[in-house]
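These notes are about the structure you will find just below.
Structural data, given as structure tokens:
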């Protein structure tokens, strides 16, 4: 049996992926291949490189949007991504896809051709920077005439990519947030840096919540289109509450949500764990 693990996008909600992996390991389930979009590609790259769940958790603790990103001046985006690249490299080095312990495919969106592009060759870090590049906010990655950005625009929970690559049993993790608009947020710790203060201000004005809800609407619609064609064997939907795209300070909540989602279908998953 070839087990595919499809990790969806959702910013800080990606902490749930760590919880999912923790529980899958407890059940003796190790994916034969991983597909990931946005934060799912980020987590997938770390895990496929051989990092443990403790390593993943530690990496997430280093993520602080206010300090990780800085205004990018004349760039076509609001921020640069050098610090994110440095963070990734400090944990996994500079591997190619061929060097990963688990085959990985990362989903991006090409703004030139306006189509989905799957990256599974060459430099892993470049692919991750492309799949997490939320348009306008984070810089796109230019490659071979393409302008690559966040894959969530077209395929936020890429279970179909795992199926197309030979997975015979696919576990997908959808990080869409269904909390009603206006649900109170839990404030982040006192922000640092100009960008951090700007983010805090927009959070108070619900700017990020609006952005987050719009993203959820778009990704939910694309997911439904894919589900109308085929379905994963298991679709996990962690209960994310009011966790927003940039709420990395709510790491523990996200991890627990992922663990709970797996426990809810443990009987179904324990069967493949014994094979």
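In the working numbering, the protein residues as written are 1 to 275. We treat Cβ as the ideally placed atom computed from N, Cα and C, and that holds for glycine.
{"Item": "Burial state of residue 86 (16 or more Cβ within 10 Å)", "Value": "exposed"}
{"Item": "Nearest-angstrom Cα separation, counted from residue 141 out to residue 31", "Value": "28 Å"}
{"Item": "C-alpha gap between residue 228 and residue 9, whole angstroms", "Value": "20 Å"}
{"Item": "Residue burial classification, residue 112 (beta-carbon count within 10 angstroms, cutoff 16)", "Value": "exposed"}
{"Item": "Beta-bridge partners of residue 169, as assigned by DSSP", "Value": "3"}
{"Item": "Proximity winner among 109, 125, 120, relative to residue 90 (alpha-carbon distances)", "Value": "125"}
{"Item": "CA-to-CA distance, residue 58 to residue 122, given in whole angstroms", "Value": "26 Å"}
{"Item": "Through-space distance from residue 232 to residue 266, alpha-carbon basis", "Value": "16 Å"}
{"Item": "Cβ-based burial, residue 13 [other Cβ within 10 Å; buried from 16]", "Value": "buried"}
{"Item": "Residue 54 classed as buried or exposed, judged by whether at least 16 other C-beta atoms fall within 10 angstroms", "Value": "exposed"}
{"Item": "Pick from 256, 234, 235 that is closest to residue 243, judged by C-alpha positions", "Value": "256"}
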